[in-house]
């Protein structure tokens, strides 16, 4: 039985949002790595496999949907749970993300208990 903390990759171009999500996840028992762009996310995933990715939808350069599409098209990252964080619950975004295999949606501003509950459904914490 492993007691290593699951790793969550937090991807958001807003420093405050990255810090807040990381602190909440760490307090709940996860370890985190935070990056500020889709490119950084893809580079990280090419060298390490996080247990899940918390991915902001609206970022400059590459949107969360574009990152999700690239993650799902690569066999090494296809199975990583991805939580799409969005300030908008737009039907078209939801439809596109669902077609790409998003694990769940988290709407900003999110409540800390909701974030943790959604992540725990997909990424179990070690017992011990």
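Numbering (the numbering used here), first residue to last: 6 to 133. C-beta: ideal position from N, C-alpha, C; glycine also. Bear in mind that the values here come from a model prediction, so they are computed numbers and not experimental data.
Hey, quick one: how far does the beta strand (DSSP E) through residue i stretch, first residue to last?
i	result
residue 91	87-91
residue 136	Residue 136 is absent from the structure shown; the chain starts at 6 and stops at 133.
residue 80	Residue 80 -> no beta strand (DSSP E), and no H or E assigned at all.
Would you mind sorting residue i into buried or exposed? The rule is 16 or more other CB atoms within 10 Å of its CB.
i	result
residue 92	exposed
residue 41	buried
residue 118	exposed
residue 100	exposed
Look at residue i and residue j and say whether their C-beta atoms are less than 8 Å apart.
i	j	result
residue 51	residue 39	no
residue 16	residue 80	no
residue 68	residue 86	no
What first and last residue would you give for the alpha helix (DSSP H) that runs through residue i?
i	result
residue 47	43-52
residue 24	20-32
In three-state terms, what does DSSP make of residue i?
i	result
residue 111	strand
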